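Residue numbers (this note's numbering), protein chains in the order written: chain A, 3 to 366; chain B, 518 to 593; chain C, 12 to 274.
Ideal placement from N, C-alpha and C gives every residue a C-beta, glycine not left out.
Since the structure is predicted, the reported quantities are computational estimates derived from the model, not experimental observations.
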Amino acid sequence: MGELKLMKGNEAFGEAAIRLGVDAYFGYPITPQSEVIEYLMAEKPHERTGMVVLQAESEVAAINMVYGAAGAGKKVMTSSSSPGISLKMEGVSYMAGAELPTVLLNVVRGGPGLGTIQPSQADYFQAVKGGGHGDYHLIVLAPASVQEMSDMVKEGFELAFKYRNPVMILSDGVIGQMMEKVELFDHIPRWTDEEIKKNTPWATTGKTTDRERNIITSLDLDSFRQEKHNEKLQAKYNDIRENEVRFEKFNCDDAEYLFIAYGSSARIAQKAMQLCRDKGIKVGLLRPITLFPFPEKEINELAGQVKGILSVEMSAGQMVEDVKLAVCGKTKVEHYGRMGGIIHSPLEVMAALEQKIIGGSSNE
Amino acid sequence: MAKIKGAIVVDIEHCKGCEVCIDACPTQVIEMHEQVNGKGYHYAYMAQPDACTGCTNCAIVCPDGVITVYRKKMAE
Amino acid sequence: MSKDLLNEIIQPENLVYKKTKLMTNNTLSYCPGCGHGTAHRLIMDVVEELDIWKDTIGVAPVGCSVLAYDFMNIDMQQAAHGRAPAVATGIKRCYPDKVVFTYQGDGDLAAIGTAETIHAINRGENIIIVFINNGIYGMTGGQMAPTTLPGMKSSTSPYGRDTEMMGNPLKMTELISALPGAYMVTRQAVHTPAHVRKAKRALKMAFKNQIEKKGGVSFVEIVSNCNSGWKMTPVHSNQWMVENMFPFYPLGDIKIDGEFVNK
Ligand SMILES: Cc1ncc(C[n+]2csc(CCOP(=O)(O)OP(=O)(O)O)c2C)c(N)n1
Ligand code: SF4
Ligand code: SF4
Ligand code: SF4
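Take a look at the structure:
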């Protein structure tokens, strides 16, 4: 068993980075994720593992520092919250185009604009549908606990290097700020220069006599080659859809109704599910752990079994669109969620199920 | 007396006919050929080869790096 | 001169100048007479002479030189518009023993990338920034740059730069020389053999500074021509540059070894 600690989600993310042997972190302060860089600075990772931690002049600079280090084969990461993530999107699109691995944390707060510093899940579209320009996808992981804030750093880097693709951890202010017990994994040494050359033969580590020069770019002015590159990216995304879907199911076997929720909403929906079950309403919960790829197949299968699905997210209804696509008209789908930084209560979620799904289902 | 003689070789197909080398030559060796290369540029050539001293001036200002320079001490 | 005599001279043992092997054989994408090509070659000359090509990583900008990696035969990254100093920071912080340089135009460095430029220099990143100042946006078709001279015409200042309305040209090099992280600051040109030789010496000093880990950024501005953007012949553009650009952007060293040069 690994070391147990009581930590904030943001701190667990930072500690996991040090323990995973991450080479560098570049960031810029913004609530509610500033603890990440504060924790890293306080921990002196340059002494613990040799990890570089630098406060950049902006999120734009930070993501481009990540681009440079990732292009040189390093395990490098950044974190921010919604307004900062918007700024990073230029760099993220370039990284997706140049196929650079990284782990990028968004501790989502309410928007649009400066919005609020309170939690939200309103950046789903941005995370899952692209966010920056061009046809691309991030692999998106959604932690629902402090434990996952730590574990997903490891999982995220595995996926990022396996697919040469940026990975976003789509968290929110609740998970980032909450204190929970977390089991930390043991220290893993940082890659040596030899390991980097072996693991990332494409990286710009300095040309050697035994290979052509390496180039990191997202540009190709030849439209035919650019289309080929796009097709290659799409094939990669299909691979990811095929192989990396992750989700968790609760009480789905006998469920007549289903909640679908990720991140902190999944915790609330789980409580709401218990309240419903206490009342005799047979509700199950499906928690997508990966938002891209989305657990479409499982949702579609469950849609054949249940009388209705309530998608629960702290937004005006974003994931619900993907739920509807997955359900493909097989059953009724509704959205429930508060906005502006308000966290819905389990009672509100139960009431929404009763009103929008159970109450409304006889009309169909 | 030993005399220094130079010569340049222009990579004709990569010359863009910009004429920057002409001004750089202290002994007016270079002119643009009346013929054009495959890209349609008049290209640089030694119009006065006898005057070339192999000073490399033309080669180092050539933006496209298409000039190679040779120099030999001639025994006379 | 007889064919025989020529053949006698053109022999490998008599070779005195040949383009460095560190330039690829790809035809440069630049307009005839554009200083970008010369600047590329000088950088690669220095990298070859210092024998650091195995350890050198370049960062290309967005601008006409976006394809610099097609011409420089070393490991290179292509950065988003203006972000090259941040990209270089990321590389250099992770590889303090490698040699890292950026190559940027004036729009890239002095407009959209102003923040990245100033902060990388202010942090004293041990990198080289090569700044090609041609007073215009070349790649996008000759629009006004932050460096466009007062009264100078461009496609977005078709009646000449009106400083009341469009602001004044930015002397980025003087501006950043005030920062403690700027270890070497110099302004050069590459339009004549003498200037080429000087610019090469400056670049060599810049690379040596980095190899010897002398603190801070070595910043080499090269005032260059954009004959397409200026709508002139290459030779005329070089004359125009001497007459108009140099008075506003005077050539010479501004800071050497971290100290201002007294003029
Ligand atoms: C974010 C973004 N904005 C605008 C552009 C369009 N753009 C490409 S190059 C360029 C200006 C380049 O000018 P400069 O840096 O002076 O280099 P030059 O082409 O003159 O060498 C612009 C505005 C872009 N590629 N990306
Ligand atoms: S400078 Fe170079 S490209 Fe221009 S005309 Fe002379 S040889 Fe040709
Ligand atoms: S080497 Fe010198 S003398 Fe010969 S052509 Fe070139 S510039 Fe003229
Ligand atoms: S547009 Fe200007 S800067 Fe660009 S290649 Fe042509 S001359 Fe050079």
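- For secondary structure counted as the beta strand (DSSP E) over 3 or more consecutive residues, the segment 113 to 198 of chain C holds these complete runs in sequence order: 139 to 144.
- Residue state for Leu-277 (chain A) is assigned as helix, using DSSP reduced to three classes.
- Using a CB distance below 8 Å, the part of the segment 187 to 210 of chain C facing chain B consists of Val-201, His-202, Thr-203, Pro-204, Val-207 and Arg-208, ordered along the chain.
- For Pro-258 (chain C), the shortest C-beta to heavy atom distance toward ligand 3 is 7 Å or greater.
- Within the segment 45 to 63 of chain A, the residues whose Cβ lies closer than 9 Å to any Cβ of chain C are, in chain order, Val-54, Leu-56, Ala-58, Glu-59, Ser-60, Val-62 and Ala-63.
- Rounded to whole angstroms, the gap between the alpha carbons of Ala-541 (chain B) and Thr-573 (chain B) is 9 Å.
- Taking each of C:Ile-222, C:His-130, C:Arg-104 and C:Asn-236 in turn and checking the Cα distance to Arg-94 (chain C), the smallest one comes out for C:His-130.
- Excluding the 5 residues flanking it on each side, Cys-538 (chain B) has same chain C-beta neighbours closer than 6 Å at Ile-547, Ala-561, Cys-575 and Cys-579, in chain order.
- A Cβ-Cβ contact shorter than 8 Å links Ala-26 (chain A) with Val-54 (chain A).
- Collapsing the DSSP output to three states places Ala-263 (chain A) in a strand.
- Here Val-27 (chain C) is near Gly-571 (chain B), since their CB atoms are less than 8 Å apart.
- For the pair Ser-165 (chain C) and Cys-105 (chain C), the Cα-to-Cα distance works out to about 41 Å.
- At least one CB of chain C lies nearer than 8 Å to the CB of Thr-585 (chain B).
- In this structure, Lys-65 (chain C) and Lys-76 (chain A) do not form a Cβ contact; the two beta carbons are roughly 18 Å apart against a cut-off of 8 Å.
- One thing to note: Leu-260 (chain A) has its Cβ within 8 Å of the Cβ of Gly-286 (chain A).
- Asn-201 (chain A) has a beta carbon lying at 8 Å or more from every beta carbon in chain C.
- Here DSSP, grouped into helix, strand and coil, assigns Asp-86 (chain C) to strand.
- Arg-52 (chain C) has a beta carbon lying within less than 8 Å of a beta carbon in chain B.
- Interface flag for Thr-104 (chain A) against chain C is unset, since no Cβ pair is found closer than 8 Å.
- Exclusion of the five residues before and after His-550 (chain B) leaves His-559, Tyr-560 and Tyr-562 as the residues of its chain whose Cβ lies within less than 6 Å of its Cβ.
- Not one beta carbon of chain C lies nearer than 8 Å to the beta carbon of Glu-197 (chain A).
- Under the 8 Å criterion on CB atoms, Lys-32 (chain C) is classed as non-interfacial with respect to chain B.
- Secondary structure of Ile-301 (chain A) (DSSP, three-state): helix.
- Arg-279 (chain A) has its alpha-carbon roughly 21 Å from the corresponding atom of Gly-306 (chain A).
- By the Cβ test, the segment 103 to 112 of chain A is in contact with the segment 79 to 86 of chain A, since at least three Cβ pairs between them sit closer than 8 Å.
- Residue side-chain check: Gly-523 (chain B) places its Cβ nearer than 7 Å to a non-hydrogen atom of ligand 3.
- CA-CA distance, Glu-40 (chain A) to Gly-269 (chain C), rounds to 32 Å.
- Under the three-pair Cβ rule at 8 Å, the segment 19 to 39 of chain A does not count as touching the segment 45 to 64 of chain C.
- Closer than 7 Å to some heavy atom of ligand 4: that does not describe the Cβ of Met-181 (chain A).
- Taking 4 residues as the shortest admissible run, the segment 118 to 152 of chain A contains the following complete alpha helix (DSSP H) segments, listed from N- to C-terminal end: 126 to 130.
- Rounded to whole angstroms, the separation of the alpha carbons of Asp-256 (chain A) and Thr-202 (chain A) is 47 Å.
- Taking 9 Å as the Cβ-Cβ cut-off, the segment 79 to 103 of chain C approaches chain A at Tyr-80, Asp-81, Met-83, Asn-84, Ile-85, Asp-86, Met-87, Gln-88, Gln-89, Ala-90, Ala-91, His-92, Gly-93, Arg-94, Ala-95, Pro-96, Ala-97, Val-98, Ala-99, Thr-100, Gly-101, Ile-102 and Lys-103, given in chain order.
- A Cβ of chain A is located within less than 8 Å of the beta carbon of Ile-68 (chain C).
- When the alpha-carbon of Ile-311 (chain A) is set against those of A:Lys-230, A:Gln-357, A:Ser-173 and A:Phe-127, the nearest one is in A:Gln-357.
- In chain order, Val-583 place their CB closer than 7 Å to the CB of Asp-528 (chain B), counting only its own chain and leaving out the 5 sequence neighbours on each side.
- The DSSP-derived three-state label of Met-9 (chain A) is strand.
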